Amino acid sequence: MKGRPELKIEAEKIYKTKKNPNGMFVARIIQIPKEEEKLDFVLVIQNRKNKQITYKEVLVTTDNDYYSFRLARGNLEWVSLNAVAVWDSLGHKLVEVAALTGRRWQY
Numbered sequence: 007m008k009g010r011p012e013l014k015i016e017a018e019k020i021y022k023t024k025k026n027p028n029g030m031f032v033a034r035i036i037q038i039p040k041e042e043e044k045l046d047f048v049l050v051i052q053n054r055k056n057k058q059i060t061y062k063e064v065l066v067t068t069d070n071d072y073y074s075f076r077l078a079r080g081n082l083e084w085v086s087l088n089a090v091a092v093w094d095s096l097g098h099k100l101v102e103v104a105a106l107t108g109r110r111w112q113y
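Basically the numbering used here = 1-based index in the sequence shown + 6.
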């Protein structure tokens, strides 16, 4: 990592973006600061062709300090052509979502 780490997230920003293998859907994890020193991580799945959002939900809410949000940040992977999975940085699977329907499997 280059430079100084962010000690606090001040504005909404995209943390990670990945397209599925055929390029039809894109999944994003967005960091959204809230009042009372909290931070939301939101998963958004969007169709790239018609820009329709099929899924938008809060994955986790954490404290807005460096150690808390570094632990909550995780990995985003397309586990199949139309399903995306999100893990936290400890390797625990948080959610798996079908991109076509927005159906969610929580672990």
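We put the CB at the ideal spot given by N, CA and C, even for glycine.
Just so we're clear, the structure is a prediction, and the values are computed from it rather than from any experiment.
- [ ] Counting only the same chain and skipping the five closest in sequence on each side, list residues whose C-beta sits under 6 Å from that of Lys25.
- [x] Val32
Task: Cβ shell of Lys19 (< 6 Å), same chain only, five flanking positions each side left out - done: Gln37
Task: Delimiting residues of the alpha helix (DSSP H) encompassing Ala104 - done: First-last for Ala104: 99-104, but that is the beta strand (DSSP E), not the alpha helix (DSSP H).
Task: C-beta atoms of Val48 and Lys57 nearer than 9 Å - done: no
TODO: Determine, using beta carbons only, whether Leu100 and Val50 come nearer to each other than 9 Å.
DONE: no
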